[in-house]
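For the protein sequence lines, the chains are R and U, in the order given.
Under my numbering, the first residue of the first sequence is numbered 1, with each subsequent residue one higher.
Under my numbering, the first residue of the second sequence is numbered 639, with each subsequent residue one higher.
Each remark here refers to the structure printed beneath this line.
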Amino acid sequence: MTAEAQGVGRSSEPIDLQALIETIPALVVCALADGSAEFANRAWHEYTGCSSPEVTGWGWRAAIHPDDLPKLIQEWTVATAAGKPFEAEARVRRADGEYQWFAIRKALAVSRDQVGKPSLRALIACEDIQERKRAQDRLQQSEQRWQTAFENSAIGIMMRDRADRIIAANRAFRNMLGYTESELYQLCQIDITYEEDRELNLELIGELWEGKRQHFQIEKRCRRKDGTLVWVRNNVTLVPGTGDVAPFLFTIVEDVTQRKKEESERRYSEEKYRVVVEAASDAVVCTDESGAILLANPATTRVFGYESAELIGKPLTVLMPEFLRKLHESGFKRYLATGQRHINWQGTELTGLRKNGQEFPVEISFGEVTADGHRIFTGFVRDITDRKQAEELRASLHAAQVELARVSRLTTMGELAASIAHEVNQPLTAVTNNANACLRLLANHNLAPEVLRQALEEIVADGTRASAVIARIRGFIKKTPSEKSMVEINDVIQEVLALARRELSENRVLLESQLTQALPIVLADRVQLQQVLLNLIMNGIEAMAVVADRPRLLWVQSQVNQSGDVLVEVCDSGTGLRSEADRVFTPFFTTKANGMGMGLPISRSLIEGHGGRLWATPNSPHGAVFSFTLPAAAGNSS
Amino acid sequence: MSGAPVVFIVDDDRSVRSSLKFLISSVGLEVESFDSADTFLKRKPPDTPSCLVPTTGLGGEV
C-alpha cells in the first residue's frame, strides 16, 4: 500500500465507490486491475440491458463489438504495461442489439473493503461518441467525394498559394500541361504562363490578393512541358483562409485551343471575304429578307453612283428600273415562300438603274446564307455596258461581213451574167422552137399525136432546166443569214461547176475534177462554200484568159489531208502568182483590170469562219494552186 | 444525095439542136444537125444548095 493511496483513504470519510459510480451518467464498469469486472453502474445496465451477473468477471466484454474487442484488449495491455493512460474507441452493444460508438477510458480508484482495507480498482468509463463519429464519417466521405470529383473532373482544376506555388492540380490540368503532379508542385503558376500573357495575369492576381476583386476570368496561353502552347480560359477565385487553412487561389482551367483556332480561322476567313468584297470590281449588295440593303461594297458606288452609306436600309429595288421592281418583288416573295427561283441565280442579264436615272445592262448572280436564323441575300452585280457594246459591235461587224460577202457574190454573179443568160436562154430557145414547130404542124393539120407528145416532153424538160438555173442563182444571191448544216463538199463542188460550166466552155477551159468519194461531212454554210469555190474557179478562168500557147486546164480536187480535214484544191495553168502570192489575200489588192480586190480576202475570212484555212501556192509548171481546208464535223464515223 | 436543099445545124446544146431541127423540118426542109464544128467538117460537103445555122462560141479546133 502506498502512502498516497492510504492518504486518500485517511483524509476523508470512507467513500462508497459503488454509490459514487452510480451517480456518473456515463457507462462505467468497475474492474480489478486485470480488467475483470466487479460491477457496472446503472447507466451501463440500462444501456446494455445486461444484468449484474452477466457483467461480472469478463462478462462485460460481451457488450463490446467483436471486431473492436481484440484491438481494445491489445491497447489496454500496452497502455497498462507502459503505465500510460488508456483511451480507445469501440462499439458497445445496446439493449436492442444496436452498437454505438463509445470513447473508452480507464481511471484508477481506491476501493476499501468492509474492514477498510484499500485496494486499487480500474474504472472503465464509456462516453457516447456516436454523433461525433457520425459527423467524422460524413466529413470523411465528403472529403473523399470531393477528392474524387477534383481528380476526375473533365475540367482542369488547380490551386495555388500566396506565393503562386501550385499546391494542387487535378488530372485534367496535368494532362493539359503535360506535367506530373510532383513536377507541378515544384512550379509557380506564372512559370507555365506564356511570357506575353504574364503581365496581365499577374496584375489580376495582385488585385485578387489585395481584395480589389473576388474573382477574375482570363484567356491566356500556357506553355506545356514539351514547349508547345495551349490556350486556356481560367476562372480564378480567392478562397479566404480559415483557422487551419491559409487562403489560396482556386482556378478552373478550360482548354480553349480548339475554339481559339476556330475563332482565328473564322476571323481570317471573314477578313479574307471582306477584303475580296471590298476589292471586288463588281458591286456586292447584301439584303435581308425584306429586301432592305444591309451592306454595299465600294464598287457599288462606281457601278450605281450611290454612296454605300446612302443605300443602307433602302430597298434593293432602288437599283432597278421601274419595270423590273414589281417583277422582282413578286419573284422574291415567291422565292421566300416556296424556294422557287424566278430567275437563274447565276449570271442573269438584267437592267440596272444608276442614281442619275440612267439604265444600263447588268449581269447578276445571287447567293444566300442563313446566319443566326436570318436569311441574307447577296447580289453580285456586274456592269456589262462595255461588253454589250462590244457584242453589238461584233454583231454589226458580222452583219457587215455577211453583207460584204453577199455583195461579193452579186459581183461574181455579175461577172457570170453573160454566161448565165446564155444558160437560161438555151432551154428557152428550145421551148420556143418546139412550140413554134407544133403550131406550124397544127396549122397544116399535120401534127401527129406522137410528135406532139415528144415535143411537149422536150418543152417540160427545158422549162425545168431553165428554172433550175434560176433557182441556183437565186440561192446564191439570196439575202440569208449564215446557216450551217451538214454538207457534203463534193455536192457543193458539183453545184458550182454546174454554175460555171458555160463560163468554162466559153473561155475554152478544160475542166478536170477528181473528187474523193466518202469524204467526211463538214458543218458549213453551203452558200458561203459555193461562193468560195466559185470565186476560186472564176479566178482560175481569168488567170488563163491570156494563155494561148498551152491548154487552159482547171483542176478541181477533193480529199482528206493528214489531219483528217477535208482539203479542196483548185489548180489552174494560168499566169501564176509570182510575187503576189501573199498579197492576193490583202483587201483591195487585185491583178485584174475590173477586179475589186475583195474576192480572196472575203473567201479567206469565210473559210476561217468555218475553222479552216485558205492559201495559195504556185502550180508546176504554170499557174497557181488555191487550197482550203475544212474541219470534219464532229460525229463523222471516221 | 437527092437534089433537095439541106439545112445544116451545128449546136453543142442538145435541146437547142433538136428543137431547131424539129422547127425547120416542120416547114418541110431537110435538116442535118451536128454537135460540133469538127463533126460537121468531117461530113462530105453537100452538092446541093444548102444553109448552115451555127451557134455562137463553139468550142473545138476551128
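Note that beta-carbon positions come from the ideal geometry of N, C-alpha and C, so glycine has one too.
Check whether residue i and residue j have beta carbons under 7 angstroms apart
| i | j | result |
| --- | --- | --- |
| Ala122 (chain R) | Ala33 (chain R) | yes |
| Val566 (chain R) | Pro601 (chain R) | no |
| Val381 (chain R) | Ala283 (chain R) | yes |
| Trp101 (chain R) | Ile64 (chain R) | no |
| Arg472 (chain R) | His422 (chain R) | no |
| Gly612 (chain R) | Phe626 (chain R) | no |
| Val362 (chain R) | Leu350 (chain R) | yes |
| Val253 (chain R) | Met158 (chain R) | yes |
| Ala40 (chain R) | Ala31 (chain R) | no |
| Leu630 (chain R) | Val522 (chain R) | yes |
| Leu311 (chain R) | Ala296 (chain R) | yes |
| Arg354 (chain R) | Gly305 (chain R) | yes |
| Ile190 (chain R) | Arg198 (chain R) | yes |
| Asp572 (chain R) | Gly609 (chain R) | no |
| Ser620 (chain R) | Asn535 (chain R) | no |
| Leu327 (chain R) | Ile293 (chain R) | no |
Supposed contact pair residue j and residue i - C-beta distance, whole angstroms, cut 8 angstroms
| i | j | result |
| --- | --- | --- |
| Ser657 (chain U) | Ala430 (chain R) | 4 angstroms |
| Leu515 (chain R) | Ile493 (chain R) | 6 angstroms |
| Leu554 (chain R) | Leu511 (chain R) | 5 angstroms |
| Ile476 (chain R) | Gln530 (chain R) | For clarity, residue 476 (chain R) is Phe in the given sequence; the question names Ile instead. Rounded, the Cβ-Cβ distance is 6 angstroms, consistent with contact. |
| Met176 (chain R) | Asp255 (chain R) | 5 angstroms |
| Ser482 (chain R) | Gln528 (chain R) | 7 angstroms |
| Ala79 (chain R) | Leu17 (chain R) | Actually they are not in contact, since the Cβ atoms of Ala79 (chain R) and Leu17 (chain R) sit about 22 angstroms apart, beyond 8 angstroms. |
| Asn433 (chain R) | Leu661 (chain U) | 4 angstroms |
| Phe332 (chain R) | Trp345 (chain R) | Actually they are not in contact, since the Cβ atoms of Phe332 (chain R) and Trp345 (chain R) sit about 12 angstroms apart, beyond 8 angstroms. |
Whole-angstrom distance between residue j and residue i, CA atom to CA atom
| i | j | result |
| --- | --- | --- |
| Ala154 (chain R) | Ile21 (chain R) | 59 angstroms |
| Ile218 (chain R) | Leu27 (chain R) | 60 angstroms |
| Arg440 (chain R) | Val644 (chain U) | 19 angstroms |
| Ile73 (chain R) | Arg165 (chain R) | 47 angstroms |
| Glu87 (chain R) | Trp76 (chain R) | 8 angstroms |
| Ser408 (chain R) | Asn561 (chain R) | 29 angstroms |
| Gly9 (chain R) | Glu143 (chain R) | Note that Gly9 (chain R) scores 42 on pLDDT, short of 50, meaning its location in the model is unreliable and no value can be drawn from it. |
| Asp685 (chain U) | Asn436 (chain R) | 30 angstroms |
| Glu542 (chain R) | Ala675 (chain U) | 25 angstroms |
| Glu322 (chain R) | Thr378 (chain R) | 21 angstroms |
| Gly206 (chain R) | Ile167 (chain R) | 18 angstroms |
| Asp462 (chain R) | Gln426 (chain R) | 8 angstroms |
| Glu495 (chain R) | Val669 (chain U) | 35 angstroms |
| Leu139 (chain R) | Gln147 (chain R) | 12 angstroms |
| Ile384 (chain R) | Ala390 (chain R) | 10 angstroms |
| Glu270 (chain R) | Ser485 (chain R) | 53 angstroms |
| Ser419 (chain R) | Arg387 (chain R) | 48 angstroms |
| Ala395 (chain R) | Gln401 (chain R) | 10 angstroms |
| Leu105 (chain R) | Val236 (chain R) | Position check: residue 105 (chain R) holds Arg in this sequence, whereas Leu was assumed. Arg105 (chain R) and Val236 (chain R): Cα-Cα distance of roughly 48 angstroms. |
| Thr2 (chain R) | Val239 (chain R) | With a pLDDT of 41 at Thr2 (chain R), under the threshold of 50, the modelled position of this residue cannot be trusted; read the value that follows with caution. Those two C-alpha atoms are separated by around 59 angstroms. |
| Gly49 (chain R) | Asn170 (chain R) | 51 angstroms |
| Asp113 (chain R) | Gln141 (chain R) | 51 angstroms |
| Gly635 (chain R) | Arg526 (chain R) | 19 angstroms |
| Glu54 (chain R) | Glu151 (chain R) | 52 angstroms |
| Arg174 (chain R) | Lys133 (chain R) | 36 angstroms |
| Pro683 (chain U) | Gly666 (chain U) | 21 angstroms |
| Thr464 (chain R) | Leu606 (chain R) | 32 angstroms |
| Arg375 (chain R) | Glu289 (chain R) | 6 angstroms |
| Ser513 (chain R) | Ala642 (chain U) | 46 angstroms |
| Glu699 (chain U) | Ala405 (chain R) | Confidence in Glu699 (chain U) is poor, its pLDDT being 45 and thus under 50, which makes the residue's placement too unreliable to answer from. |
| Arg91 (chain R) | Val245 (chain R) | 33 angstroms |
| Arg453 (chain R) | Met413 (chain R) | 37 angstroms |
Which residues DSSP lists as bridging residue i, in chain order
| i | result |
| --- | --- |
| Asp255 (chain R) | R:Val232 |
| Gln517 (chain R) | Beta-bridge pairing links Gln517 (chain R) to no other residue. |
| Arg93 (chain R) | R:Tyr99 |
| Pro449 (chain R) | In DSSP, Pro449 (chain R) forms no bridge with anything. |
| Ile124 (chain R) | R:Val29, R:Lys106 |
| Arg160 (chain R) | R:Ile166, R:Leu249 |
| Gln217 (chain R) | R:Asn235 |
Any non-hydrogen atom of the ligand GTP closer than 6 angstroms to residue i Cβ
| i | result |
| --- | --- |
| Ser674 (chain U) | The ligand GTP is absent from the structure shown, which contains no ligands of any kind. |
CB contact below 7 angstroms: residue i versus chain A
| i | result |
| --- | --- |
| Leu690 (chain U) | Looking at the structure shown, chain A is missing, and the protein chains on hand are R and U. |
Interface positions of the segment 428-462 of chain R facing chain U (Cβ-Cβ less than 7 angstroms), listed along the chain: Thr429, Ala430, Asn433, Asn434, Asn436, Ala437, Arg440, Leu441, Ala455, Glu458, Asp462
Positions along the segment 546-559 of chain R whose CB lies within less than 9 angstroms of some CB in chain U: none
Mind checking the segment 412-429 of chain R against chain U and listing, in chain order, the residues whose C-beta falls within less than 7 angstroms of any C-beta there? Gln426, Pro427, Thr429
Along the segment 663-680 of chain U, where does the CB come closer than 7 angstroms to a CB of chain R? Name the residues. Ser664, Val665
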